[in-house]
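So the structure is just underneath, and the comments pick up after that.
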Amino acid sequence: MNSSIFGYLTVFHTIVTEGSIAAAARKLEIASPSVSNSLKLLEQHIGLPLFTRTTRKIELTEAGIQLYQHSKPAMQELTLALESVHDLADIPSGSVRITVPRIAYLLILKPHFAEFCRRYPDIQLEISVYDGTVDIIKQGFDLGIRFGSSIEENMVARKLLAPFKGGLYVSKEYAKQFGVPTSIAELKQHNLIGFRFMTANRLFPLTLNENGHDVTLEMPSALIANSLEVVIDAVRQGLGIGRVFEPILKLEADAADFIPVLPSHWKTYPPLSLYYVQHSQKAKRIRTLIEFLSEKMA
168 MNSSIFGYLT
178 VFHTIVTEGS
188 IAAAARKLEI
198 ASPSVSNSLK
208 LLEQHIGLPL
218 FTRTTRKIEL
228 TEAGIQLYQH
238 SKPAMQELTL
248 ALESVHDLAD
258 IPSGSVRITV
268 PRIAYLLILK
278 PHFAEFCRRY
288 PDIQLEISVY
298 DGTVDIIKQG
308 FDLGIRFGSS
318 IEENMVARKL
328 LAPFKGGLYV
338 SKEYAKQFGV
348 PTSIAELKQH
358 NLIGFRFMTA
368 NRLFPLTLNE
378 NGHDVTLEMP
388 SALIANSLEV
398 VIDAVRQGLG
408 IGRVFEPILK
418 LEADAADFIP
428 VLPSHWKTYP
438 PLSLYYVQHS
448 QKAKRIRTLI
458 EFLSEKMA
């Protein structure tokens, strides 16, 4: 094999992940003509075009898709192999990309990420907050945090946060005007502050526990929001009953002013866990974040 192929493939993969030749050049810190030339030489070596180019965008051809999918695992292994040698140095360095839902950001990353960045200034931490399902391999992330029940079996999972309750709350003002329901039947007569997933454009179903079984309720909505902060604000202002994860509400300075509703019926959610591909631990930059978060959440 031509000794330059690895370099060409590195350029090719960077174009794919960055979305353009110009962006790849910035990422690799080389001139755009050098990126274009490396791509041209790789296409000549293969004998097929890897991208279709227009004035507005660049897209993979079928050959490009095949090459990317088949070479990606090998490129990751080579990168990690080089990093494992580099990691013999005392100071961890490089970039670490982590994807988390908003609840994980608020409960796990928000209190600690600044300390991590100060402690390890040579690690470039990138945090992506997204409530949808993320394939960390396909989308180029090193790590993710997710509810344990939704982590794929081929991933390594490390629990960071114990199971917790999804609570229902009202304000003192609301309780004084409308009362606090004492049964699920009474609850249905009240207005709910609805929550809509930004990623799936659907309402988060209200699920409670009744006699050991999950039951999903339909309630009229006083307001619908796609933000936990808005839900909490709406409850605070007496608009209705809000469903808020118990540990999230505890972060509020006035948490004691919120009245719990039917706490014996609150649904328990699985633990939030860190997940990653097994071989990722070989990279010191990734292992450093894994160990840091595990220590902080112990």
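Residue numbering for the sequence shown follows my numbering, beginning at 168 and increasing consecutively. Even glycine gets a Cβ: it sits at the ideal position worked out from N, Cα and C.
Pair within 8 Å by beta-carbon distance, residue i and residue j
{"i": "residue 275", "j": "residue 439", "result": "yes"}
{"i": "residue 227", "j": "residue 175", "result": "no"}
{"i": "residue 292", "j": "residue 263", "result": "yes"}
{"i": "residue 453", "j": "residue 335", "result": "no"}
{"i": "residue 347", "j": "residue 399", "result": "no"}
{"i": "residue 444", "j": "residue 304", "result": "yes"}
{"i": "residue 434", "j": "residue 361", "result": "no"}
{"i": "residue 247", "j": "residue 417", "result": "no"}
{"i": "residue 415", "j": "residue 245", "result": "no"}
Between the CA atoms of residue j and residue i - distance to the nearest angstrom
{"i": "residue 389", "j": "residue 271", "result": "27 Å"}
{"i": "residue 325", "j": "residue 441", "result": "5 Å"}
{"i": "residue 349", "j": "residue 240", "result": "55 Å"}
{"i": "residue 295", "j": "residue 266", "result": "5 Å"}
{"i": "residue 205", "j": "residue 229", "result": "19 Å"}
{"i": "residue 210", "j": "residue 280", "result": "42 Å"}
{"i": "residue 221", "j": "residue 235", "result": "20 Å"}
{"i": "residue 183", "j": "residue 232", "result": "10 Å"}
{"i": "residue 386", "j": "residue 369", "result": "15 Å"}
{"i": "residue 353", "j": "residue 409", "result": "15 Å"}
{"i": "residue 277", "j": "residue 413", "result": "17 Å"}
{"i": "residue 308", "j": "residue 344", "result": "49 Å"}
{"i": "residue 196", "j": "residue 285", "result": "25 Å"}
{"i": "residue 320", "j": "residue 200", "result": "43 Å"}
{"i": "residue 397", "j": "residue 317", "result": "26 Å"}
{"i": "residue 379", "j": "residue 401", "result": "30 Å"}
{"i": "residue 393", "j": "residue 367", "result": "11 Å"}
{"i": "residue 259", "j": "residue 223", "result": "39 Å"}
{"i": "residue 181", "j": "residue 225", "result": "13 Å"}
{"i": "residue 451", "j": "residue 323", "result": "16 Å"}
Sequence-distant residues of the same chain with beta carbon closer than 8 Å to residue i, five excluded per side
{"i": "residue 351", "result": "375, 377, 382, 384, 429 and 432"}
{"i": "residue 424", "result": "338, 339 and 403"}
{"i": "residue 421", "result": "403"}
{"i": "residue 461", "result": "325, 327 and 441"}
Contacting residues, own chain, Cβ-Cβ under 6 Å from residue i (five flanking each side not counted)
{"i": "residue 283", "result": "459"}
{"i": "residue 341", "result": "405"}
{"i": "residue 202", "result": "178, 188, 191 and 192"}
{"i": "residue 372", "result": "383"}
Residues near residue i in its chain [Cβ-Cβ closer than 7 Å; skip 5 each side]
{"i": "residue 269", "result": "296, 298 and 395"}
{"i": "residue 314", "result": "436, 437 and 439"}
{"i": "residue 198", "result": "192"}
{"i": "residue 238", "result": "176"}
Environment of residue i [buried if 16+ CB atoms lie within 10 Å]
{"i": "residue 179", "result": "buried"}
{"i": "residue 173", "result": "exposed"}
{"i": "residue 192", "result": "buried"}
{"i": "residue 330", "result": "exposed"}
{"i": "residue 364", "result": "exposed"}
{"i": "residue 186", "result": "exposed"}
{"i": "residue 357", "result": "buried"}
Residue i: CB within 7 Å of a non-hydrogen atom of the ligand SAM
{"i": "residue 177", "result": "This structure lacks the ligand SAM; in fact it carries no ligand of any kind."}
Residue ranges of each beta strand (DSSP E) run of no fewer than 3 residues wholly in the region 349-380, ordered along the chain? Runs of the beta strand (DSSP E) inside the region 349-380: 359-362 and 373-377.
Quick one: which unbroken alpha helix (DSSP H) runs of 4-plus residues sit fully inside the region 178-254? Chain order, please. If we require 4 residues or more, the alpha helix (DSSP H) runs fully inside the region 178-254 come out as 188-195, 199-213 and 229-253.
Which ranges would you report for the alpha helix (DSSP H) in the region 370-436 if only whole runs of at least 4 residues count? Here the runs fully enclosed are 395-403 and 413-416.
Continuous beta strand (DSSP E) assignments of at least 3 residues falling wholly in the region 263-344: Within the region 263-344, the runs of beta strand (DSSP E) that reach at least 3 residues and sit entirely inside it are, in chain order, 290-296, 310-314, 323-328 and 331-338.
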